[in-house]
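Asks: Sending over a structure as structure tokens; questions will come in a sec.
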Amino acid sequence: MTDTNNINDKLNGFLLINKPESLSSYDCIRVIKKIIKNKLKIGHTGTLDNFATGLLIIAIGKATKQIDLFLNTDKEYIATGKLHELTDTLDNTGNIILNNNNNNNNITLDTLTDTIKNFTGKYLQTPPIYSALKYNGEPLYKLAREKKLTEQELNTIIKDKTRECEIYNIKLIDYNYPFFTIKAHVSKGTYIRSLVDDIAQKLNTHATCYKLTRTKIGNINIKDAINLDNLKNIQDIESKLINSNILLTKI
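Listed below in structure tokens is the structure:
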């Protein structure tokens with residue numbers, strides 16, 4: 419009982435994880451739980467799509483009570499989109515529903531750069547159908563995968579969930595047709611998959627998000643994150659835990 423109490427006292431704080439591709443955010447929590455082998459509460463401050471990589475903040479113990487403090491935090495991402503292709507999930511894990519890759523490249527670097535810059539500021543964004551947003555208590559991605567609703571019904575629901583988001587800063591950092599890469603600093607609730615396609619729609623086409631990395635949450639940087647593979651035992655976790663009071667000054 420003493421050992422358990424010692425663990426409970428020591429393991430309170432946040433871990434900054436560099437989430438690998440293909441693992442879900444909850445998969446990362448499972449890895450931590452397996453190492454700790456204790457019934458401590460563990461959660462995260464904001465999910466990342468399975469195909470995405472980057473900064474994931476995991477809360478352990480009493481720190482889980484402070485997760486809500488991160489909900490309004492701005493974030494920064496680097497994303498790569500593929501022009502003239504659209505999938506049902508808006509990312510590279512979905513089924514292709516539009517493919518115009520035989521199109522000649524008539525989108526110049528200057529045109530793409532200017533189009534992306536024009537997204538700076540507030541705009542109304544329609545979230546992806548494949549998202550964790552809920553309808554009658556069920557996540558939309560689940561309703562879509564299980565085909566519980568028709569495509570028309572899903573589109574109607576998702577349009578009703580259109581909301582204002584803000585792009586604080588956005589720029590093109592690479593263009594190698596048909597792929598383009600952006601760096602974007604955005605408000606809470608902004609879907610980068612939707613942003614990538616919204617950019618393409620301004621160019622009278624579509625785009626699918628092929629790569630996505632979260633680089634910042636508030637002023638918390640991915641450079642300070644660790645790989646899951648580096649966590650082998652409780653001592654590793656304890657040594658990387660960040661005190662709540664310290665981390666909360668960066669959001």
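Residue numbers for the sequence shown, in our numbering: 419 to 669.
We put the beta carbon where it would ideally sit given N, CA and C, even for glycine.
#1: Out of Phe597, Asp445, Lys634, Ala625, state which residue places its alpha-carbon closest to the alpha-carbon of Asp509.
#2: Opposite Ala625 in the DSSP bridges: which residues?
#3: Going by DSSP, what residue range makes up the alpha helix (DSSP H) through Gln653?
#4: Could you pull out every unbroken beta strand (DSSP E) segment of at least 3 residues lying fully inside the stretch 580-606, listed in chain order?
#5: In the DSSP assignment, what are the bridge partners of Asp509?
#6: Would you report the Cα separation of Met419 and Ala481, rounded to the nearest angstrom?
#7: Given this structure, state the Cα-to-Cα distance separating Lys589 from Thr623, to the nearest angstrom.
#8: Which stretch, first to last residue, makes up the beta strand (DSSP E) that contains Ile515?
#9: Beta strand (DSSP E) containing Ile460: first to last residue?
#10: Sort Glu564, Pro545, Ala550 by Cα distance to Thr574 and report the nearest one.
#11: Going along the chain, which residues of its own chain have a beta-carbon closer than 6 Å to the beta-carbon of Thr507, five neighbours each way excluded?
#12: Spatial neighbours of Lys493 within its chain, please: C-beta separation below 7 Å, excluding the five flanking residues on both sides.
#13: Ordered along the chain, which non-local residues of its own chain (more than five positions away) have a Cβ less than 6 Å from that of Gln543?
#14: Given that a residue counts as buried once 16 or more other Cβ atoms are within 10 Å of its Cβ, and exposed if not, what is Glu503?
#15: Measure from the alpha carbon of Asn651 to the alpha carbon of each residue in Asn490, Thr465, Phe469, Ile450, then state which is nearest.
#16: Based on the DSSP secondary-structure assignment, which residues constitute the bridge partners of Arg632?
#17: List in chain order: all unbroken beta strand (DSSP E) runs of 3+ residues lying wholly within the stretch 547-576.
#18: For Asn587 and Ala602, what's the separation of their Cα atoms in angstroms?
#19: I'd like to confirm the pairing. Which residues does DSSP put opposite Asn637 in its beta bridges?
#20: Does the stretch 471-481 come close enough to the stretch 427-443 that 3 or more CB-CB pairs lie under 8 Å?
#21: Which term fits Asn645, buried or exposed, when burial requires 16 or more other beta carbons within 10 angstroms of its beta carbon?
#22: Contact between the stretch 530-538 and the stretch 651-663: three or more CB pairs below 8 Å?
Replies: Well, looking at it:
#1: Ala625
#2: For Ala625, which the question treats as bridged, DSSP gives the partners Leu501.
#3: 652-658
#4: 581-594, 597-604
#5: Cys627
#6: Low confidence applies here, because Met419 scores a pLDDT of 44, under 50, leaving its location unreliable and the question unanswered by this model.
#7: 19 Å
#8: 514-517
#9: 460-462
#10: Pro545
#11: Tyr548
#12: Val604, Arg632, Lys634, Ile635
#13: Cys583, Ser612
#14: buried
#15: When only C-alpha atoms are compared, the closest one is Ile450.
#16: According to DSSP, which records beta bridges pairwise, Arg632 is partnered with Gly472, Tyr495.
#17: none
#18: 6 Å
#19: For Asn637, which the question treats as bridged, DSSP gives no partner whatsoever.
#20: With the cut-off at 8 Å, the stretch 427-443 and the stretch 471-481 touch.
#21: Burial state of Asn645 is exposed, judged by a 10 Å Cβ sphere holding fewer than 16 other Cβ atoms.
#22: no
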